[in-house]
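Protein chains in written order, with the numbering used here: chain A, 2 to 122; chain B, 106 to 213.
Note that beta-carbon positions come from the ideal geometry of N, C-alpha and C, so glycine has one too.
Fair warning: this is a prediction, and the values are worked out from it, not measured in the lab.
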Amino acid sequence: QLQLQESGPGLVKPSETLSLSCTVSGGSIRSSSFYWGWVRQPPGRGLEWIGSVYYSGSAYYNSALQSRVAISPDTSNNRFSLRLSSVTAADTAVYYCARINYNYLYYFDLWGQGTLVTVSS
Amino acid sequence: DIQMTQSPSSLSASVGDRITITCRASQSIGTSLNWYQQKPGKGPILLIFAASTLQSGVPSRFSGSGSGTDFTLTISSLQPEDFATYYCQESFHTLIFTFGPGTKVDIK
């Protein structure tokens, strides 16, 4: 059973860069069948897609975050990472990583448990 | 960008009730619509993809319908474990996603 686990600092200072990793177990991110993505959820609010990446490195980003975000694969360690620069309090959220599957269309079929990142000095 | 709305934003229902949640897209998206369930403190779970296809392992009391701009998620007989927040999500443009704001279903 494939599992995803987020990791990274739970506290980031304003203006700094948020960095998270998602380690995949029970399967390989090099699979040609899947993309991998990040979704976040501010406390008490809804879900926001951040971006998606293929194992080759091709990536797609939310236009609202595109200038600050980078998602990259690390095939050697079977994980993928998120970097979000120049963070503010508005970036405080639970960050989820997820697998993106395809069957007529793309959808998120497996999710990590999420990790809370707080932006505060 | 495609905008998604959901109605109602919340609803109260009893075990055994039939409930329907509506999702609307700001432009026609065919059947490129997915539904997720999220419980407090947990990651979302995929219920339905392509508007009406039930994800493996999801109970048959869940069903989805619609195309174009208007979609519905129906739970035919609400069970205690179904009290949660439900999100629609569009996948019209390849690998670009937008979620709806969510509908919270709680116990009456």
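- prompt: Taking the DSSP output, what are the residues bridged to P164(B)?
  reply: P164(B) pairs with nothing; no bridge assigned.
- request: Report yes if the CB atom of L111(A) is closer than 8 Å to the CB atom of L21(A), and no otherwise.
  value: no
message: Here's a check: name, in chain order, each residue in its chain whose Cβ is nearer than 6 Å to the Cβ of G207(B), leaving out the five neighbours to either side.
response: T190, Y192
message: I need the straight-line Cα distance from S117(B) to L183(B), nearest angstrom please.
response: 11 Å
query: From the DSSP output, which residues share a beta bridge with N102(A)?
result: Y108(A)
query: In this structure, does DSSP put E17(A) in helix, strand or coil?
result: coil
Chain B residues whose Cβ lies nearer than 9 Å to that of F35(A): Correct list: empty, because the minimum Cβ distance to chain B is about 12 Å.
message: Does any residue of chain A have a CB that is nearer than 8 Å to the CB of L116(B)?
response: no
message: Only counting the same chain, and skipping five residues up and downstream in sequence, which positions put a Cβ closer than 7 Å to that of Q111(B)?
response: I126, T127, C128, C193, G205, P206, G207, T208
message: Quick check: the Cα distance between L106(A) and W140(B), rounded to an integer number of angstroms?
response: 13 Å
task: Report the neighbours of S112(A) on chain B: residues whose CB is nearer than 8 Å to its CB, in chain order.
output: Just to set this straight, residue 112(A) is Trp in the shown sequence, not Ser. The answer, in chain order, is G148, P149, I150.
message: Let's test the definition: count the other Cβ atoms within 10 Å of the Cβ of D92(A) and tell me whether it reaches 16, buried, or not, exposed.
response: buried
- prompt: At a Cβ threshold of 8 Å, is G207(B) touching chain A?
  reply: yes
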